[in-house]
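Residue numbers (my numbering), protein chains in the order written: chain A, 37 to 439; chain B, 50 to 380.
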């Protein structure tokens, strides 16, 4: 019912716009709230540098849109859905925030998107991995921009199998996220003619991976797949490196790994790992040019999340300019209608469920000999076309998709 | 003759003083109540409700820690058990009125508390704390694994529903007054428990357990009951929290939460009635306001620093220090 209402309002709004009605930017300000983990485990992959990316986007756009000023407010989400939801509630109810950007922990993103739906504001999620955000938890009020677990599992697993990694052994974090990654990988591996010879579940979180890694090594599988995230993945990789897993001929496939994680591990430890990423700073002239500017400002190379925050903010501001409105539905519709072509994505497209689909890349971590500097970490093996990457709408459980 | 008149005089003055103190306390309480009633018009109600939920959690914890001397390191389990149970019931049985969901959540935490208590009170001191921590970790892993909690994603979109089937709790103001009423009820209950003969026995156990045993009290029974009441109130706090925020997440079950409630109680003043309330207000405010400002990268170190300073320099906490000051200089 509310959805119908929203569709109707957006339809009316766009007709009004077409007939040249007055631009409607509420409070004469476009206010963007940046919410991310500023102090905890996810600080590096989005964090304060994500805000720098957001500020770069606004500066590059010219600092104002249709003559109205653009403001930023920001807060630490503390990886806590309660803290985030009270912050965002106050932003949208009392402080006229029009769009919320950033967001990493999936529990935070889902909690925030529900509040945005209630208040009909827009959210652009750049940091979260969970594919459920645009599946069972989809709303007409958010966009999931950078990546999700579906292409990560899909891209890495199918590519590795095609390259001859037929038998797999999985190290799975023992909770919902790990289980869903494991089942995704299993499906992809088997569909491509591979086989999962064994899997072991480790508690979440785990510090000591030695017994798990030894079992993976003993299995004799071609590929050891890491169906976990964050500190679990980096701990597992460190242990695998100590036990010489890659040196003994097995391939390590990480399903969720960020540039900052690889940077922290170093090329020596992480070499040879295959992973899927939505973007890499050293892909072409455009990405390098932007990354250099980013590095001048922050001192580090950007992750795909930083690039996504920049790109999505530019797209958002363009849509506000084109429609002359900061109404969530009007802007979202405009963003859906406009293909994304910038340094982040080529022919990226935002679907009805809020998923931004774009090409993904299969990368391998360079060896210390290949790596020319501390950030020269990936070589891109293959571009995975958008339509192969993301969950097709026909499999969607999103309420906005009619199946 | 003379002597008995003197004694009567002294007695009279004591009674007078007590009455004056009682009056002072009543006035203080009335002022606080007025403040709480007016607060949502000045401060954002959801934020106030968050403070009230944590204050209730800390009050529950303090009943066990401050008054009985049992340091539980597993209270997050009760908060989460209450929150998840209420959340699950309200999300899946749409006809259920909100207060029944909250009662069910509280009961779940109560029974969990009974299980914890029967196992843990067999040990004392650090061993007691470790047993409660271990049990709480078991509960945490149960919630991580269970399908119904949504794992890492958490449980979302819990409907606030209607109180008694009539009062719409979607309205922040009516929700606030409901939470406030429950909080005041629980606060008065704890006040009553602490000043009752039962509460006196708890204090005796805290001060000298062997002596309480030698006086013929069945100490274990008193401890179990105190633990269960504390768990029930913590569960109630969790249930209300899940209704207020319309979500329940793993953060509530994590051992950080058990640590946070210790921090709130110590900073506010353990063993005082108002202490945990002030402590919760203080900690929630620090977290909230610092996370918006330029010091947002430093919230955890600052809270850690506050904890260290409190333990080293102000062992009786904010309220305890104020009481000491008043007693020394005024009273």
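No residue lacks a Cβ here, since even glycine has one placed at the ideal position from N, Cα and C. Please read all numbers here as calculations on a predicted model, not as lab measurements.
Item: Where residue 344 of chain A falls: helix, strand or coil (DSSP); Value: helix
Item: In chain order, each beta strand (DSSP E) run of at least 3 residues that lies wholly inside the region 335-394 of chain A; Value: none
Item: Endpoints, beta strand (DSSP E) assigned at residue 415 of chain A; Value: 414-420
Item: Span separating the alpha-carbon of residue 404 of chain A from that of residue 298 of chain A; Value: 12 Å
Item: Residue 432 of chain A versus residue 168 of chain A: straight-line alpha-carbon distance, rounded; Value: 10 Å
Item: Reduced DSSP secondary structure (H/G/I, E/B, other) of residue 104 of chain A; Value: strand
Item: 9 Å Cβ cutoff, residue 141 of chain B in contact with chain A; Value: no
Item: Exposure label - residue 67 of chain A; buried when at least 16 CB within 10 Å; Value: buried
Item: Residue 304 of chain B at chain A interface by Cβ criterion, 9 Å; Value: no
Item: Test item: CB-CB of residue 252 of chain B and residue 119 of chain B under 9 Å; Value: no
Item: Chain A contact residues for residue 150 of chain B, given Cβ-Cβ distances below 7 Å; Value: Simply none; closest approach about 18 Å.
Item: Euclidean distance between Cα positions of residue 265 of chain A and residue 236 of chain A; Value: 15 Å
Item: Cut-off 6 Å between Cβ atoms - residues of its own chain near residue 180 of chain A, not counting five sequence neighbours on either side; Value: 161, 169, 170, 390 and 391
Item: 4-residue-minimum alpha helix (DSSP H) runs that sit fully inside the region 139-217 of chain B, ordered along the chain; Value: 147-169 and 174-194
Item: Per-residue DSSP class, three states only, for residue 265 of chain B; Value: coil
Item: Beta-carbon contacts of residue 161 of chain B that lie in its chain and below 8 Å, excluding the five residues immediately before and after; Value: 126, 127, 130, 188, 280 and 284
Item: Cβ-based contacts, 7 Å cut-off: residues of the region 201-228 of chain A near chain B; Value: 210, 211, 212 and 213
Item: For residue 120 of chain A and residue 71 of chain A, believed in contact at Cβ under 8 Å, the rounded distance; Value: 6 Å
Item: Residues, ordered as in the chain, of the region 110-124 of chain A that lie near chain B by beta-carbon distance below 9 Å; Value: 110, 111, 112, 113, 114, 115, 116, 117, 118, 119, 121, 122 and 123
Item: Beta-carbon separation (whole angstroms), residue 277 of chain B vs residue 166 of chain B, contact threshold 8 Å; Value: 6 Å
Item: Stretch pair the region 215-224 of chain B + the region 78-97 of chain B: three plus CB contacts closer than 8 Å; Value: yes
Item: Exposed unless 16 or more other CB atoms sit within 10 angstroms - verdict on residue 99 of chain B; Value: buried
Item: Given residue 166 of chain A as reference, the closest of B:116, B:173, B:88 and B:199 once Cα atoms are compared; Value: B:199
Item: Distance between residue 237 of chain B and residue 92 of chain A (C-alpha atoms, nearest Å); Value: 54 Å
Item: Under the three-state DSSP convention, the category residue 349 of chain B falls into; Value: helix
Item: Presumed contact (8 Å Cβ cut-off) between residue 359 of chain B and residue 323 of chain B, rounded CB distance; Value: Residue 359 of chain B to residue 323 of chain B, Cβ: 16 Å. No contact.
Item: CB contact below 9 Å: residue 331 of chain B versus chain A; Value: no
Item: Runs of beta strand (DSSP E) wholly within the region 149-175 of chain A (minimum 3 residues, chain order); Value: 158-161
Item: Proximal chain A residues relative to residue 381 of chain B, where beta-carbon distance stays under 7 Å; Value: Shown here, chain B extends from 50 to 380; a query on residue 381 of chain B therefore has no answer.
Item: Partners in chain E for residue 240 of chain A, counting only beta-carbon separations shorter than 7 Å; Value: Protein chains in the displayed structure are A and B, and chain E is not among them.
Item: Against chain B: residues of the region 73-102 of chain A by CB proximity under 9 Å; Value: 74, 75, 76, 79, 83 and 84
Item: Where residue 206 of chain B meets chain A, residues with beta-carbon distance less than 8 Å; Value: 150
Item: Cβ pair residue 399 of chain A, residue 253 of chain A closer than 9 Å; Value: no
Item: Three or more C-beta pairs below 8 Å linking the region 345-353 of chain A and the region 57-66 of chain B; Value: no
Item: Endpoints, beta strand (DSSP E) assigned at residue 235 of chain A; Value: 231-238
Item: One or two residues paired with residue 204 of chain A in a DSSP bridge; Value: A:232 and A:259
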